[in-house]
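Reading through the structure tokens given below for one structure.
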Amino acid sequence: MPLACLKEVLDSAISEKYAVGAFNTFNEDFTDAIISAAEETRSPVIVNFSETQLEYVDLQCLAQVVKLKAERSNVPVVLNLDHGLTFETVERSVEYGFTSIMFDGSGLSFDQNVERTAKVVELCNPLGISVEAELGAVGGDEGGALTADTDPSLYTDPSQAAEFVETTGIDALAVAIGNAHGKYRGQPVLDFDRLSELRDAVPVPLVLHGGSGISDDDFRTAISLGIAKINFLTGMLLGAIEETSLAIENCGEKYNDYLDVLARVKKRVSSIVAERMNVFGSSGRA
Ligand SMILES: [Zn+2]
């Protein structure tokens, strides 16, 4: 089916109390791994591509790959720009057919974040493209460092969040409640009281970034308190690295062994994604 838009996918998640996973792709194999996991579990899915990884891909080609695989699939697939940092990449993503844009102004002042996010909404809204934005700052490093720290002073403030959503007109809000990108040091502690306050203060679906390392129970609690989209990346890449080294150890002397390595990694990534879909409760909803 054609690419789905974020809003329709998240509306069902909110009303039926599950979360849709957003999994990052970089190439055909990762796209395949994600969409086949969605088909296997009958889940709606969000395929993410993060601007922070732009140096590794040809964005236009990647968008075509995702679109084609979504069209061949019978589950809803959203194509989302993850952590859009520049207006230029937002515009290119719109041109290439992304159906959802996450603009990350979390490093800016409140006023600048409002101003730039509103500009993205102004571009996307008339085209039916959803916009997610972030307020407060999710901990850790989006560039892949394995040290995910959080700073309570940067957690999302509920009354500021209400003003932010109202002023910008966004469709979904990424919140900072003790979640972090990368690999957590120890077990993350999520601020569920703050999440409840945010849920009451804000009328749009809430998004949890930094999903790798959060326990299954904490995911379920977060979903029951209004999280409808969960971003998951680190766990896929760490699994891919581990599987690559295991597969290389078993390489023989045939040059086609390399293709077996790629196939094995793709299968591993797909099983990691499918497992998350079961925990997020999106399985069987497509
Ligand atoms: Zn993120």
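Under my numbering, think of the first position of the sequence shown as 3, with each following residue one higher.
Just so it is clear, CB atoms sit at the ideal spot from N, CA and C, and this is done for glycine as well.
Enclosing alpha helix (DSSP H) for Met-279 [first to last residue]: 259–282
Same chain, Cβ closer than 6 Å to Leu-192, neighbours up to 5 away in sequence not counted: Ile-179, Gly-180, Asp-220
Spatially closest choice to Arg-287 from Tyr-20, Met-3, Gly-130, by CA coordinates: In terms of CA proximity to Arg-287, Tyr-20 leads the group Tyr-20, Met-3, Gly-130.
Extent of the continuous beta strand (DSSP E) run through Met-238: In the DSSP assignment, Met-238 falls outside any beta strand (DSSP E) and within the unbroken alpha helix (DSSP H) covering 236–251.
Ser-198: first and last residue of the uninterrupted alpha helix (DSSP H) it sits in: Run containing Ser-198: 194–203, per the alpha helix (DSSP H) assignment.
Option nearest Val-49 by Cα separation, candidates Ala-39, Cys-63, Ala-24, Asp-34: Among Ala-39, Cys-63, Ala-24, Asp-34, the Cα nearest to that of Val-49 is on Ala-24.
Local conformation of Val-167 per DSSP, three classes: helix
Residue environment, Lys-256, which counts as buried when at least 16 other CB atoms sit within 10 Å: exposed
Opening and closing residue of the alpha helix (DSSP H) in which Ile-225 lies: 218–226
Extent of the continuous beta strand (DSSP E) to which Ser-52 belongs: Counting along the chain, the beta strand (DSSP E) containing Ser-52 begins and ends at 47–52.
Reduced DSSP secondary structure (H/G/I, E/B, other) of Leu-175: Of the three classes helix, strand and coil, the one that applies to Leu-175 here is strand, per DSSP.
CA nearest to the CA of Lys-185, picked from Gly-142, Val-209, Pro-207, Glu-90: Gly-142
Three-state secondary structure assigned by DSSP to Asn-76: coil
CB of Leu-8 within 8 Å of CB of Ala-174, strictly: yes
Any non-hydrogen atom of ligand 1 closer than 7 Å to Asn-233 Cβ: yes
Contact test: Val-140 Cβ vs ligand 1 heavy atom, cutoff 7 Å: yes
Asp-289 Cβ short of 7 Å to ligand 1 heavy atom set: This structure gives no information on residue 289, because the portion of the chain shown stretches from 3 to 288.
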